[in-house]
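Under our numbering, the first residue of the sequence shown carries the number 102, and numbering increases by one thereafter. Glycine included, every Cβ here is placed at the ideal spot set by N, Cα and C.
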Amino acid sequence: MRLETREASIEGQGIITQRDLMINALRMRPDRIIVGEARGPEALDMLQAMNTGHDGSMTTIHANSPRDCFHRIETTVLMANVGLTEPVIRQQAASAIQLVVQMERFRDGTRKVSSVSEVVGFNPEGVAFEEIFRFERSGVDEARRVLGRFVASGYRPQFLKRVRASGIEMPDEMFRRN
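Rendered as structure tokens:
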């Protein structure tokens, strides 16, 4: 089911915020929740949903790296003014999020996945990651389009056993450093 925000009317009535939508979506007991972009207090609700059985849920956030992604999440959760400390927010985020897929806009105007990283834990300084894949640029063609390929880091992700148990085959070769 698709839910959308709504601006207030001229009289200042009828506003529906992304946070309102998160709260109502959770009441509907969905299998998954997908939020177009978490950029405010609704990020807290999204983390809580991800930590309470809504596996496969997704959202986007604007950040320069997987590490910056978690700094942005901390900032947006703090906007909810519920008194959570940064270490508690980090723990919630590290528990809720398994993968960070980094998209990058290149000089030629294209967007490509530039990195796929697994969240492997947290500590008071931040969230710990292992990069699984990254886009390796090799140059530009005659039309000035960015050339490159996706390369494996050699890290075998922790989630692999669970993915295979659900019937999805991911061969080990896919993760070998190339």
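Mind checking Q119: buried by the 16 CB within 10 Å criterion, or exposed?
A residue is called buried once 16 or more other Cβ atoms fall within 10 Å of its Cβ, and Q119 is buried on that count.
Hey, would you say V135 sits closer than 9 Å to M159, going by beta carbons?
Rather than Val, the amino acid found at residue 135 in this sequence is Ile. In contact: I135 and M159 (Cβ atoms closer than 9 Å).
Quick one: grab the DSSP three-state call for E138.
If DSSP states are grouped into helix, strand and coil, E138 belongs with coil.
Going by the beta-carbon positions, is the gap between T161 and G137 smaller than 9 Å?
A contact, by the Cβ cut-off of 9 Å.
Here's the rule I'm using: 16 or more other beta-carbon atoms within 10 Å means buried, otherwise exposed. How should S218 be labelled?
Counting other Cβ atoms within 10 Å of its Cβ, S218 reaches 16 or more and is therefore classed as buried.
Cβ-Cβ distance between L148 and V178 below 9 Å
Their beta carbons are under 9 Å apart, which means L148 touches V178 by this criterion.
Is S196 helix, strand or coil by DSSP?
Residue state, collapsed to three classes: helix.
Looking only at its chain, what residues have a beta carbon closer than 8 Å to the beta carbon of Y256, apart from the 5 residues adjacent to it on each side?
Non-local C-beta neighbours of Y256 in its own chain, meaning closer than 8 Å and more than five positions away in sequence, comprise E219, E231, E232, I233 and F276, ordered along the chain.
Considering only the beta carbon of each residue, do A144 and A195 sit closer than 9 Å?
No, they are not a contact pair.
Give the DSSP-derived three-state secondary structure of F207 in the structure shown.
DSSP places F207 in coil when its eight states are reduced to three.
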